[in-house]
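Numbering (the working numbering), first residue to last: 14 to 404.
Here a beta-carbon is modelled for each residue, glycine too, at the ideal position from N, C-alpha and C.
Everything numeric in this text was worked out from a predicted model, so none of it was measured.
This is how it looks when you write it as structure tokens:
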């Protein structure tokens with residue numbers, strides 16, 4: 014595959030493992046073992062059984078009739094919002110918790126922005142009876158209160174990140190510090206296709222179940238196993254990586270990645286990394302990130318807590334740089350409008366992250382015979398306050 018990670022953990026010039034010496038043994042342990050464990054029959058059997066019986070997969074591929082009529086084309090929604098815990102995040106946490114157990118780890122740490130990854134991590138820790146600590150920015154704790162309550166009910170300790178922007182970037186920083194201080198018994202369960210190798214590859218592999226199912230479901234519905242276009246939102250980009258995975262080398266499928274423009278690309282309040290960013294290292298990998306001329310992180314902004322990350326995963330940086338994926342962006346206002354439109358037309362309330370992907374529908378010229386799949390990465394329960402405030 015042209016877009017597969019190489020032996021050193023790079024996608025083109027992006028990726029790698031830029032880590033402090035104190036983390037070297039942790040990351041090396043993962044790199045040496047993850048593929049061997051993941052590809053074993055016993056792992057796959059347990060992973061697939063949990064996806065089916067616990068998560069509720071396969072998630073439906075829903076033909077959105079009224080939305081399709083509005084845009085005079087065929088639009089399908091990949092319903093990741095119907096998974097247990099309400100988002101795609103559970104696919105990855107199931108995989109990583111099984112890996113952590115096989116590595117003999119007894120304590121799990123994670124970072125979260127919108128709270129969906131935190132909830133999914135707390136869920137699998139409860140399932141597997143493992144200690145769970147979730148780091149979350151102080152601002153995100155305030156704006157994602159329902160998910161914080163869910164994490165605590167599931168038995169997780171939620172630790173606020175009080176530095177910097179007090180959002181996802183800072184929660185990640187705190188989780189990395191914890192991992193450095195607790196290298197033996199602790200497993201860092203990263204929630205997106207970010208971080209040092211092998212995390213981006215590993216998370217993409219676990220999320221690839223999304224595109225694996227799309228191929229089968231389209232064959233049944235359209236008598237072909239590929240769409241003309243896949244649209245997904247990207248912050249770190251795990252839902253997009255999963256939706257794209259089995260189509261990366263299929264050039265007839267257009268990949269559309271939608272970033273959060275916040276209050277506008279040039280407003281100073283945005284998270285459109287591919288437009289505003291440049292090459293640099295963040296959280297252990299070389300990628301595109303928002304930084305000033307001195308290499309200091311520029312704080313991102315989005316109404317969506319899951320998209321206000323100052324970088325993107327190295328796979329996405331490579332897809333964008335190579336021209337394989339097309340990047341669009343959506344402002345807060347456009348995302349709210351798109352979320353409300355889906356709610357009124359189809360009776361589905363999307364997460365604000367997913368609403369950014371839906372906002373791209375206004376920016377694309379469709380042909381009536383085209384088939385477009387939008388990855389509906391999460392449900393909107395957690396975002397009700399923001400929706401109602403902006404209605």
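In this structure, DSSP gives residue 95 a helical state, which the three-state scheme calls helix. The distance from the Cβ of residue 323 to that of residue 311 is about 6 Å, consistent with a contact at the 8 Å cut-off. Counting every other CB atom within 10 Å of its CB across the protein chains shown gives residue 186 a total of 16 or more, marking it as buried.
Within the stretch 290 to 348, the complete beta strand (DSSP E) segments at least 3 residues long are 291 to 295, 298 to 302, 338 to 344, listed from N- to C-terminus. Between the stretch 183 to 201 and the stretch 139 to 154 there are three or more inter-stretch CB-CB distances shorter than 8 Å, so the stretches are counted as touching.
Three or more beta-carbon pairs separated by less than 8 Å are not found between the stretch 343 to 360 and the stretch 224 to 234, which leaves the two stretches without contact. When secondary structure is reduced to three states using DSSP, residue 137 falls in the helix class. Counting only unbroken stretches of 4 or more residues, the alpha helix (DSSP H) elements lying wholly within the stretch 44 to 86 are 54 to 63, 78 to 84, in sequence order. The C-alpha of residue 49 is placed about 46 Å away from the C-alpha of residue 358. For residue 43, the CB contacts under 6 Å within the same chain, skipping 5 residues up- and downstream, are 211 in chain order. The three-state secondary structure of residue 253, taken from DSSP, is helix. Look at residue 120 here: in three-state DSSP terms it is strand. Collapsing the DSSP output to three states places residue 108 in a helix. The stretch 76 to 96 and the stretch 377 to 389 touch, with no fewer than 3 CB-CB distances between them shorter than 8 Å. When secondary structure is reduced to three states using DSSP, residue 389 falls in the strand class.
Counting only the Cα atoms, residue 38 lies some 15 Å from residue 208. One Cα belongs to residue 237, the other to residue 261, and the distance between them is close to 17 Å.
Counting along the chain, residue 161 sits inside the alpha helix (DSSP H) bounded by residues 158 to 166.
Leaving aside the five residues that flank residue 319 on each side, the residues in its chain whose CB is nearer than 6 Å to its CB run, in chain order, 126, 127, 248, 366. Inside the stretch 208 to 292, DSSP marks whole beta strand (DSSP E) runs of 3 or more residues at positions 242 to 246, 267 to 275, from first to last along the chain. In this structure residue 33 is exposed. Its beta-carbon is surrounded by fewer than 16 other beta-carbon atoms within 10 angstroms. Residue 190 and residue 393 have their C-alpha atoms spaced approximately 31 Å apart.
DSSP, read as helix, strand or coil, puts residue 40 in helix.
When DSSP states are grouped into helix, strand and coil, residue 203 belongs to the coil group. DSSP places residue 189 within a helical segment (H, G or I) once states are collapsed to three. Using a Cβ distance threshold of 7 Å, residue 168 and residue 123 do not count as a contacting pair.
Judged by beta-carbon spacing, residue 121 lies within the 7 Å limit of residue 200, meaning their Cβ atoms are closer than that value. Relative to residue 227, the option among 89, 25, 46 whose CA is nearest is 89.
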